[in-house]
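Working notes, beginning with the structure itself.
In the working numbering, the protein residues as written are 5 to 507.
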């Protein structure tokens, strides 16, 4: 008789994520356990419709407590515990049971590490990070979660090992840019309270990585760097994400535009600590490019790609090494495309722009760079090249938006066939239909003018922004001055005077 698999999740207002999670678990699990902690949307109804076993847990600001309650309801031999915004890849779902049965035969294995792919749903599902996390484990009274926030799996008996399940990758969309801030604002007070109540140094140290991530998502780079440095001082190493603390520090320094000399010094420190990690070669290239050292940037990217090829070979062999540089690959190839374009080596530039697009096809700068170096290419030939990467119906709007002014009328007409909205104006203009193009673009400009005026009305002070000045008329600015709160009051007074006949 085969193994029984239980899939567990705790939820609150997850109606957007539940269909994907439920469909995934129906493909691989024998029982589905959903523990609701206070949903007010359609989450509970979706769970019921899917035939899940539904339980309720009063929320007490303790993720571990809620998850452990879910585990206690499970009856399977193995437990899958993915969050609602996580699901196994299609490839993993196909081999899931076979792989789990293989691990089940080794009685010394108690928990499986799976590679998580962080996708930014707001950037066309770009993979921006990867890490190894425990998401599958045997059902045992000794395996439970610990920690009110950023809870971790803990085996109190300690007689089972944790191994890497290379074929069981899962995707995570919870750190997409549109939702990460609200999630952080929810979690940070819980972490700070837990930090305040901690009675031992070990309890405080456990929170440092999560505080680092929280402040990083809020763009508070000083505190991000502070807690990342604390993690390094503690000697922390994240399994499957080695070098993460240095990576976070360097990107925080880069995003806050710290001095180049400090950036290079910290990057060199990271390279010394992790000489086989391609990530730091790629960040060195970014720093050198900012400095204007294109030759140095080129050498750094090429070195990073050499290191990357060694990592990829180990990954193909199923070795559980870090895959931290994966998210930087599109930018690495784009850097080379830019450098070779400046050198006048159009063929090498085009090859690298294509490699960047194969890593992430919605990288607009790479597409524009490709079309610049291929200027003069026959429309039919360019369409054939783009069709190797894109779907005409699904991607037409993206292509036309990126290639306006760069591609010929034939290309824009081909991909603009099904476009609706103001982007259609670019297609009209590429075909010489300036009247129709002007109408479409005029509609969009009218919308922007209305939005610009609304924004100006609600600002504390009118900004010195040339772009907003284009949308807000000179008459508006002259009439209401620079302070828009005063402007609103004056406008209301003028409207009142006109209404009662004083003006």
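Where a beta carbon is used, it is the ideal one built from N, C-alpha and C, also for glycine. Quick caveat: nothing in here was measured; it's all calculated off a predicted structure.
Segment limits, beta strand (DSSP E) that includes residue i
i           : result
residue 25  : Premise fails: residue 25 lies in the alpha helix (DSSP H), 22 to 32, not in any beta strand (DSSP E).
residue 143 : Unbroken run through residue 143: none, as it is neither H nor E.
Exposed unless 16 or more other CB atoms sit within 10 angstroms - verdict on residue i
i           : result
residue 342 : buried
residue 63  : exposed
residue 456 : buried
residue 288 : buried
residue 9   : buried
residue 403 : buried
residue 488 : Any reading at residue 488 needs caution, since the residue's pLDDT is 49, under 50, leaving its predicted position unreliable; the model's value is listed next. Flag for residue 488 reads buried.
residue 146 : exposed
residue 357 : buried
residue 237 : exposed
residue 486 : Confidence at residue 486 is low in this model, with a pLDDT of 46, below 50, so the placement of that residue should be treated as unreliable; the coordinate-derived value is given next. Flag for residue 486 reads exposed.
residue 79  : exposed
residue 47  : buried
residue 160 : exposed
residue 117 : buried
residue 94  : exposed
residue 193 : exposed
residue 315 : buried
residue 312 : buried
residue 302 : buried
residue 112 : exposed
residue 334 : buried
residue 270 : buried
residue 156 : exposed
residue 86  : buried
residue 458 : exposed
residue 89  : buried
residue 388 : exposed
residue 275 : buried
residue 252 : buried
residue 279 : exposed
Test: residue i CB closer than 8 angstroms to a CB of chain B
i           : result
residue 162 : In summary, chain B is missing from the structure at hand, where a single protein chain is found.
Alpha helix (DSSP H) segment containing residue i, residue limits
i           : result
residue 176 : It is not in any alpha helix (DSSP H) - residue 176 instead sits in the beta strand (DSSP E) that spans 174 to 176.
residue 229 : 225 to 237
residue 76  : 67 to 77
residue 304 : 298 to 320
residue 402 : 396 to 407
residue 413 : 413 to 419
residue 54  : Run containing residue 54: none; DSSP gives neither H nor E here.
residue 347 : 333 to 347
residue 210 : 205 to 221
Per DSSP, cross-strand counterpart(s) of residue i
i           : result
residue 159 : 147
residue 36  : 11
residue 168 : 117
residue 357 : Paired residue(s): none; residue 357 is not in a bridge.
residue 60  : 40
Proximity test, residue i beta-carbon vs the ligand FMN heavy atom, cut-off 7 angstroms
i           : result
residue 397 : With respect to the ligand FMN, the structure shown offers nothing to examine, as it has no ligands at all.
Practice item. Could I get the ranges of all uninterrupted beta strand (DSSP E) runs contained in the region 242 to 283, with 3 residues as the minimum, in chain order? Key: none
Review point. So does the region 236 to 246 actually touch the region 133 to 142, counting three or more Cβ pairs closer than 8 angstroms?
Key: yes
Check your understanding: Any contact of the region 71 to 79 with the region 20 to 27, i.e. 3+ C-beta pairs under 8 angstroms?
Key -> no
Review point. If you pair each beta-carbon of the region 93 to 108 with each one of the region 166 to 174, do three or more pairs fall below 8 angstroms?
Key: yes
Check your understanding: Residue ranges of each alpha helix (DSSP H) run of no fewer than 4 residues wholly in the region 360 to 387, ordered along the chain?
Key -> 368 to 377
Practice item. Could I get the ranges of all uninterrupted alpha helix (DSSP H) runs contained in the region 67 to 137, with 4 residues as the minimum, in chain order? Key: 67 to 77 and 94 to 108
**Study point:** contact_flag[the region 327 to 345, the region 373 to 391] where n(CB pairs < 8 angstroms) is 3 or more
**Key:** yes
Exercise for review: Would you be able to state if there are at least three C-beta pairs under 8 angstroms between the region 408 to 424 and the region 381 to 393?
Suggested key: yes
Review point. Between the region 325 to 334 and the region 296 to 316, are three or more C-beta pairs nearer than 8 angstroms?
Key: yes
Check your understanding: If you pair each beta-carbon of the region 28 to 38 with each one of the region 51 to 70, do three or more pairs fall below 8 angstroms?
Key -> yes
Exercise for review: Tell me, please, whether the region 252 to 267 touches the region 215 to 233 by the rule of three or more beta-carbon pairs shorter than 8 angstroms.
Suggested key: yes
**Study point:** alpha helix (DSSP H) runs contained entirely in the region 178 to 203, provided each spans 4 or more residues
**Key:** 181 to 201
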